[in-house]
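Colleague:
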Amino acid sequence: MDKEHLNMRSLDVGKLAALNNYISDLSDPEGSLINILHRAQDLFGYIPINLQLHIARKLKIGAAKVNGVVSFYSYFTQEKTGRHVVSVCMGTACYVKGAEKVLHAMLDELGATKGKATDDGQFTIRDVRCVGACGLAPVVTVGEKVYDNVTVDDVKRILDEYRGEKRGH
Amino acid sequence: MTERMTILVCGGTGCIALESNEIIAALKEKLADVGLTEEIRIIRTGCFGFCGQGPIIKLQPDNITYVQVGVEDVNEIVDEHIVKGRIVERLLYVNPRTEELVKTSEEMDFYKKEYRIALRNLGLINPEDILEYIAMKGYEALAVCLNERTPEDVVQLIKDSKLRGRGGGGFSTGLKWELTAREESDEKYIICNADEGDPGAFMDRSILEGDPHSVLEAMAIGGYATGANIGIVYIRAEYPLAYKRLQIALSQAREYGFLGKNIFDSGFDFDVEIRLGAGAFVCGEETALINSVMGRRGEPTKKPPYPSVSGFRGKPTSVNNVETLANIVPILLNGPEWFSSIGTDTSKGTKVFALAGKINNVGLVEVPMGTTLREIIFDIGGGIIGGKEFKAVQTGGPSGGVITKEDLDTPIDYESLKAIGSMMGSGGMIVLDEDDDMVELAKFYLDFTQDESCGKCTPCRVGTKRLHEILDRLTRMEGSPEDLDLLEDLSYNIKYSALCGLGQTAPNPVLSTMKYFRSEYDAYAYRTKRIAFKIIEDKCIGCTKCARVCPVACIEGSPKRPHVIDEADCIACGACYDACPVDAIERP
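Below, the structure written as structure tokens:
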């Protein structure tokens with residue numbers, strides 16, 4: 000781990016303040032660690048090591064414990080995500096209808112690695128657990144937007160919708 | 003002034019994804035334009051169930067259901083149906099068998115066998131308005147329990163109903179409550195397990211989105227029966243809409259005094275808090291869930307002690323599934339005899355199934371226990387997409403197995419499904435057709451479980467990984483016949499030695515597919531399976547590049563015309579795939 004990981008000053012002050020406020024309103028902060036991490040990820044987009052350390056100090060618990068929880072749950076990410084997070088549902092209903100092909104087509108189209116932001120920082124393609132919208136399988140979500148009955152042929156069109164955008168989300 | 007007509011618009015996750023919120027906005031705008039805002043009421047309801055036909059809207063009192071409605075249809079619905087009273091026929095459901103137009107949901111095959119208990123209010127009331135729940139006798143059962151019954155009475159009523167846990171295990175709910183009630187403790191808890199981790203099941207999400215008060219009321223009743231004053235809903239973070247509706251319901255229930263201190267002047271205090279999950283399948287296991295609720299890694303612990311003795315914060319805790327809780331209020335309102343008159347000898351009441359996969363009518367359906375798979379898949383589900391051959395239905399998710407044609411007439415209950423090598427699970431049914439490869443399916447599930455294994459015990463952590471490796475080897479045609487013995491041995495080993503339910507059931511998809519589709523495993527193990535690349539006719543431009551690179555000359559076709567791969571000779575080397583400039587070649 001390099002020093003940059005532990006540079007607490009690289010964390011956005013405003014966001015940190017919002018997180019601190021959230022924590023101080025909790026009656027059982029340590030027992031609410033998962034809720035706190037959700038809030039942190041909402042604010043920062045991901046939960047880097049220094050942020051985990053900040054939370055650990057705030058709750059007066061070991062950083063290893065925080066990291067143990069962050070790394071245990073698939074919903075939390077320690078990696079910076081791209082501007083657009085494309086989630087391909089990998090529930091069984093989507094799988095039997097070809098979600099795996101859609102995922103590979105997405106990765107091929109962008110030359111990306113699953114779960115890692117593309118070099119230009121525009122996209123992160125990831126597979127997610129069943130989103131419970133099996134009637135629409137295969138399902139792809141980009142941010143809040145849901146795409147239903149996605150086939151390999153739709154991949155380029157979907158990505159193109161976001162490629163031109165210059166502003167952040 | 004009273005409204006003359008009500009428009010019910012589905013506000014479930016599926017329909018919202020298909021823009022049902024935009025439909026509501028457009029309806030409001032259009033009704034304002036024609037000056038009918040006062041006369042027509044719009045209600046955003048919970049899930050109607052028939053997700054494959056979404057967005058669905060229903061007009062009352064005319065009792066007309068429109069399917070696959072788009073924003074662009076709104077003007078016509080208002081101008082024709084609402085203003086002139088003429089049904090918009092092109093938006094009616096077409097019965098695929100008879101090709102007749104179907105006006106009401108009651109006449110659709112999908113709903114004909116339905117018996118709604120847990121889903122009773124879905125598609126009927128606005129889940130964000132507590133008054134609508136109260137109008138459906140909401141919180142009446144709680145009032146009766148608190149003022150007229152002792153906690154022991156309530157436990158006895160639930161025991162008499164013979165309700166069993168709908169999350170998969172099928173343990174008696176009344177008994178579970180009794181075990182917690184029996185413990186002496188200064189504090190007890192009741193937890194609602196809304197961490198619906200089984201991929202392909204979405205009944206819990208739909209109930210929380212469509213009727214959150216029924217779950218909250220049942221938790222308060224369960225709290226009273228077991229002696230708990232705090233309830234916790236543990237819900238998946240992947241379900242933002244259910245979370246939001248639950249929060250709204252919670253604050254409304256508090257406002258009306260149905261939760262909080264001294265409920266109905268009975269002296270009973272009860273409140274509910276929500277904790278978010280974060281994506282861990284193992285948290286469906288109750289000890290793991292309790293750890294996660296406490297903000298820790300969701301690892302299971304050894305039982306005993308059971309949660310009914312030592313659960314959340316070391317205190318007696320009962321953990322109940324969403325669908326189970328949704329059954330509590332109707333049981334108390336209608337009596338346990340009513341409930342136990344429905345279903346089979348061992349399994350009473352109804353079960354909600356989520357139909358998905360290669361089936362025509364995708365959606366949620368609630369039927370009496372004892373309904374056969376054939377009725378569910380063919381009568382309700384409308385059979386297989388594209389008229390293909392039914393191969394199997396997968397139930398019980400990553401812990402379950404496949405059920406084949408031979409067992410389609412089995413009446414469904416907890417015991418019968420176990421007897422044919424699968425399990426009820428939470429009620430997800432993934433229908434598979436002739437094209438589905440069962441070894442690939444087993445690999446898919448093992449990929450899931452080895453990823454979801456919490457790592458605490460070796461049989462599960464290492465065992466599922468090895469199972470996945472063997473399956474992967476087989477599907478890459480690099481395995482051997484010995485691998486099949488190894489698969490079976492290892493599966494039984496894991497089954498009998500893993501710590502918790504996740505590990506013990508993880509090999510089920512392998513064992514079950516091996517039992518019914520051994521020949522598919524043999525074809526991989528003996529490397530006799532034919533795998534071939536295929537050219538998609540519509541995409542092929544006839545450039546001849548593939549034919550030129552094929553090392554075994556099995557691609558034929560004349561220039562500028564679609565080419566064809568002789569599947570018998572193809573060695574699946576992939577050279578054509580790489581050479582094709584227009585992505586017209588499909589990998590096997």
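Protein chains in written order, with the working numbering: chain X, 0 to 168; chain Y, 3 to 590. From the three backbone atoms N, C-alpha and C, an ideal C-beta is built for every residue, glycine too.
(1) Would you check if the distance between the CB atom of Val-512(Y) and the CB atom of Leu-448(Y) is smaller than 8 angstroms?
(2) Is DSSP giving Ile-265(Y) helix, strand or coil here?
(3) Kindly confirm or deny that the region 49 to 69 of chain Y and the region 18 to 34 of chain Y touch, where touching means at least three C-beta pairs closer than 8 angstroms.
(4) For the region 133 to 199 of chain Y, list the alpha helix (DSSP H) runs that are entirely contained and at least 4 residues long, ordered along the chain.
(5) Using 8 angstroms for Cβ pairs, my map puts Val-85(X) next to Thr-123(X). What's the rounded Cβ distance?
(6) Since Asn-322(Y) is in the beta strand (DSSP E), which residue starts that stretch and which ends it?
(7) I need the boundaries of the beta strand (DSSP E) containing Phe-122(X), first residue and last residue.
(8) Using a Cβ-Cβ cut-off of 8 angstroms, state whether Phe-43(X) counts as contacting chain C.
(9) Check whether the Cβ atoms of Gly-172(X) and Gly-202(Y) sit closer than 8 angstroms, and answer yes or no.
(10) Is His-53(X) close to chain Y? Criterion is C-beta to C-beta, closer than 8 angstroms.
(11) So what's Met-440(Y) in DSSP terms, helix, strand or just coil?
(12) Under the DSSP definition of a beta bridge, which residues are partnered with Asp-273(Y)?
(13) Would you list, in sequence order, the uninterrupted alpha helix (DSSP H) runs of no fewer than 4 residues that lie entirely inside the region 74 to 142 of chain Y?
(14) Can you give me the start and stop residues for the alpha helix (DSSP H) that Lys-30(Y) sits inside?
(15) Would DSSP call Gly-351(Y) helix, strand or coil?
(16) Tell me the DSSP secondary structure of Arg-166(X) in three-state form.
(17) Less than 8 angstroms between C-beta atoms, sequence neighbours within five positions excluded: which residues of the same chain meet that for Asn-49(X)?
(18) My assumption, with CB atoms under 8 angstroms, is that Leu-94(Y) sits in contact with Val-104(Y). Please give the rounded CB distance.
(19) Considering just the uninterrupted stretch of the beta strand (DSSP E) at Leu-366(Y), what are its terminal residues?
(20) Is the Cβ of Ile-33(X) closer than 8 angstroms to any Cβ of chain Y?
(21) To which residues does DSSP link Thr-47(Y) through a beta bridge?
(22) Can you grab the Cα-Cα spacing for the pair Ala-145(Y) / Gly-169(Y), in whole Å?
(23) Pull out every residue of the region 353 to 367 of chain Y whose Cβ sits closer than 8 angstroms to any Cβ of chain X, in chain order.
(24) Using CA coordinates, which residue listed in Ser-23(X), Gly-131(X), Lys-64(X), Val-101(X) is at the minimum distance from Glu-156(X)?
(25) Who does Phe-392(Y) pair with in a DSSP beta bridge?
(26) For a quick check, are the C-beta atoms of Asp-585(Y) and Lys-547(Y) less than 8 angstroms apart?
(27) Under 7 angstroms between beta-carbons, which chain X residues line up against Ile-432(Y)? List them in chain order, please.
(28) Is any beta-carbon of chain X found at less than 8 angstroms from that of Cys-575(Y)?
(29) Could you confirm whether any beta carbon from chain Y is found closer than 8 angstroms to the beta carbon of Leu-135(X)?
(30) Using a C-beta to C-beta distance shorter than 9 angstroms, which residues of chain Y count as neighbours of His-83(X)?
(31) Please name the residue in Leu-366(Y), Ile-405(Y), Ile-533(Y) whose C-alpha comes closest to that of Met-425(Y).
(32) Spell out whether any CB of chain Y is found under 8 angstroms from the CB atom of Gly-167(X).
(33) Lys-57(X) lies in the alpha helix (DSSP H); which residues open and close that run?
(34) Identify the contact partners of Met-425(Y) in chain X, using a Cβ-Cβ distance below 8 angstroms as the criterion.
(35) DSSP state of Pro-413(Y), grouped into three classes?
Modeller: Taking the structure as given:
(1) Taking the second sequence and counting its residues from 1, one reaches residue 512(Y) at position 510. Taking the second sequence and counting its residues from 1, one reaches residue 448(Y) at position 446. Against a cut-off of 8 angstroms, the Cβ pair of Leu-448(Y) and Val-512(Y) comes out as a contact.
(2) One-based indexing of the second sequence puts residue 265(Y) at position 263. Three-state result, Ile-265(Y): strand.
(3) yes
(4) Taking only runs of at least 4 residues, the alpha helix (DSSP H) segments lying wholly in the region 133 to 199 of chain Y are 142 to 150, 153 to 163, 175 to 184.
(5) If you number the first sequence from 1, residue 85(X) lands on position 86. If you number the first sequence from 1, residue 123(X) lands on position 124. Right, their Cβ atoms sit about 7 angstroms apart.
(6) Locating residue 322(Y) in the second sequence gives position 320, counting from the first residue. Per DSSP, Asn-322(Y) belongs to the beta strand (DSSP E) from 319 to 323.
(7) Along the first sequence, read from residue 1 onward, the residue named residue 122(X) stands at position 123. Start and end: 122 to 127.
(8) The structure shown contains no chain C; the protein chains it does contain are X and Y.
(9) Residue 172(X) cannot be examined here, being either before or after the span of chain X that is shown, 0 to 168.
(10) Taking the first sequence and counting its residues from 1, one reaches residue 53(X) at position 54. Answer no: the Cβ-Cβ gap between His-53(X) and chain Y never drops below 8 angstroms.
(11) Your numbering for residue 440(Y) matches position 438 in the second sequence. The answer is helix: DSSP assigns Met-440(Y) an H, G or I state.
(12) Numbered from its first residue, the second sequence carries residue 273(Y) at position 271. Ile-232(Y).
(13) 111 to 114, 132 to 137, all fully within the region 74 to 142 of chain Y.
(14) Here the question's residue 30(Y) lines up with position 28 in the second sequence. Segment 22 to 35, the alpha helix (DSSP H) holding Lys-30(Y).
(15) As a working mapping, residue 351(Y) is identified with position 349 in the second sequence. Coil, per DSSP.
(16) Walking along the first sequence from the start, residue 166(X) turns up at place 167. Residue placement at Arg-166(X) cannot be trusted, given a pLDDT of 45 that sits under 50; the coordinates are not used to answer.
(17) Working through the first sequence from its first residue, we reach residue 49(X) at position 50. The beta carbon of Asn-49(X) lies closer than 8 angstroms to those of His-4, Leu-5, Asn-6, Met-7, Ser-9, Leu-10 in the same chain, with the five residues before and after it left out.
(18) Working through the second sequence from its first residue, we reach residue 94(Y) at position 92. Working through the second sequence from its first residue, we reach residue 104(Y) at position 102. About 6 angstroms separates the two Cβ atoms, so the contact holds.
(19) Sequence index remark: in the second sequence, residue 366(Y) carries index 364 (1-based). Unbroken beta strand (DSSP E) run through Leu-366(Y): 365 to 370.
(20) The count along the first sequence starts at 1 and reaches residue 33(X) at position 34. Yes, contact with chain Y.
(21) Here residue 47(Y) corresponds to residue number 45 of the second sequence, with the count starting at 1. DSSP, once it has assigned bridges, lists Cys-12(Y) as partnering Thr-47(Y).
(22) Counting from 1 along the second sequence, the entry for residue 145(Y) is found at position 143. Counting from 1 along the second sequence, the entry for residue 169(Y) is found at position 167. Computed Cα separation, rounded: 27 angstroms.
(23) So the list reads Ala-356, Ala-358, Gly-359, Lys-360, Val-364, Gly-365, given in the order they occur along the chain.
(24) Here residue 156(X) is taken as the residue at index 157 of the first sequence, counted from 1. Just to set this straight, residue 156(X) is Arg in the shown sequence, not Glu. Answer by Cα proximity: Val-101(X).
(25) As a first step, residue 392(Y) is located in the second sequence; it is residue number 390 there, counting from the start. Looking at the DSSP assignment, Phe-392(Y) forms a beta bridge with Asp-435(Y).
(26) Here residue 585(Y) corresponds to residue number 583 of the second sequence, with the count starting at 1. Here residue 547(Y) corresponds to residue number 545 of the second sequence, with the count starting at 1. Against a cut-off of 8 angstroms, the Cβ pair of Lys-547(Y) and Asp-585(Y) comes out as no contact.
(27) The residue you call residue 432(Y) lines up with position 430 of the second sequence. Those are Thr-91, Ala-92, Val-95, listed as they occur along chain X.
(28) One-based indexing of the second sequence puts residue 575(Y) at position 573. It does not: the Cβ of Cys-575(Y) has no partner Cβ on chain X nearer than 8 angstroms.
(29) Counting from one through the first sequence, the residue named residue 135(X) turns up at place 136. By this cut-off, Leu-135(X) is an interface position.
(30) Taking the first residue of the first sequence as position 1, residue 83(X) is located at position 84. Within 9 angstroms Cβ-Cβ: nothing; His-83(X) doesn't reach chain Y, min ~17 angstroms.
(31) One-based indexing of the second sequence puts residue 425(Y) at position 423. Among Leu-366(Y), Ile-405(Y), Ile-533(Y), the Cα nearest to that of Met-425(Y) belongs to Ile-405(Y).
(32) Here residue 167(X) refers to the residue found at position 168 when the first sequence is read from its first residue. Because Gly-167(X) carries a pLDDT of 43, less than 50, the predicted location of this residue cannot be relied on, and the following value inherits that uncertainty. No, Gly-167(X) does not count as interfacial toward chain Y.
(33) Here residue 57(X) corresponds to residue number 58 of the first sequence, with the count starting at 1. 48 to 58 is the span of the alpha helix (DSSP H), which, as asked, contains Lys-57(X).
(34) In the second sequence, the residue the question calls residue 425(Y) occupies position 423. Chain X residues near Met-425(Y): none, gap ~15 angstroms exceeds 8 angstroms.
(35) Reading the second sequence from its first residue, position 411 is the one you call residue 413(Y). In the structure shown, Pro-413(Y) sits in a strand (DSSP, three-state: E or B).
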